[in-house]
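Remarks on the structure that follows.
Residue numbers (our numbering): 20 to 189.
Pasting the structure below:
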């Protein structure tokens, strides 16, 4: 997401969706020595870090405080057995070329290239499409990354249909 600045015209939708806190956290540079040290101190049997000052665990409340996400609300459920091209057409207003979809994932680069800058004078429907693409990339780039970092899972796109509902999910 470092390469994709949020257009001010879609900010209200990102805020309404509840993902503005995730956006504000931005790109996190990993401190590899710290990361290595934490991995060495992790105890999978108790799900805790054993530190010199005592045991520590990361809770869902910690994640909620850091990212500003809801943790009480309807759970995320759904299916990935969807016609992705049709879904993209409906919610993004464009069908990605087959070369940009890999299984149930879409190229993050393609999303950024297609949706970085909404044209001047567009209506709310178009701005919502750009906001959906931005939030989808945010989900794939910050919360649910894959090993390659080049693709974003489309299974989250149906959840971005209604901006008044997005922030209620847990």
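Just so it is clear, CB atoms sit at the ideal spot from N, CA and C, and this is done for glycine as well.
Quick caveat: nothing in here was measured; it's all calculated off a predicted structure.
Any chance the segment 99–116 sits against the segment 140–156, with 3 or more Cβ pairs inside 8 Å?
yes
From residue 171 to residue 69, what distance separates their C-alpha atoms?
In the chain shown, residue 171 corresponds to position 152, counting from 1. In the chain shown, residue 69 corresponds to position 50, counting from 1. Using only the alpha carbons, I get a separation of about 34 Å.
Counterpart residues of residue 73 in DSSP-defined beta bridges
On the chain shown, residue 73 is found 54 positions in, with the first residue counted as 1. 70, per the DSSP bridge assignment.
Counted within 10 angstroms of its Cβ, other Cβ atoms place residue 41 as buried (16 or more) or exposed
Position 22 of the chain shown, counted from the first residue, corresponds to residue 41. The residue is buried, with at least 16 neighbouring Cβ atoms inside 10 Å.
Inter-residue CB distance, residue 106 and residue 158 (contact presumed, cutoff 8 Å):
As a position in the chain shown, residue 106 is number 87, starting the count at 1. As a position in the chain shown, residue 158 is number 139, starting the count at 1. In fact, because the Cβ distance is near 15 Å, the residues do not count as touching under 8 Å.
Less than 8 Å between C-beta atoms, sequence neighbours within five positions excluded: which residues of the same chain meet that for residue 88?
On the chain shown, position 69 is the one that residue 88 refers to. Here the set comprises 37, 38, 40, 41 and 82.
Residue 23 versus 125, 156 and 53, residue with shortest Cα-Cα distance:
As a first step, residue 23 must be located in the chain shown, where it is residue number 4. Ranking 125, 156 and 53 by Cα distance to residue 23 puts 156 first.
Proximity to residue 58 [Cα-Cα], best of 43, 75 and 44:
Taking the chain shown and counting its residues from 1, one reaches residue 58 at position 39. Comparing Cα-Cα distances from residue 58 to each of 43, 75 and 44, the minimum goes to 75.
Extent of the continuous beta strand (DSSP E) run through residue 114
Indexing the chain shown from 1 puts residue 114 at position 95. That residue, residue 114, is in no beta strand (DSSP E); it is neither H nor E in DSSP.
Let me know the beta strand (DSSP E) ranges lying completely inside the segment 120–181, each 3 residues or longer, listed in chain order.
124–126 and 170–172
Contact belief for residue 79 with residue 90 at Cβ below 8 Å, rounded distance in angstroms
One-based indexing of the chain shown puts residue 79 at position 60. One-based indexing of the chain shown puts residue 90 at position 71. 5 Å between Cβ atoms; contact.
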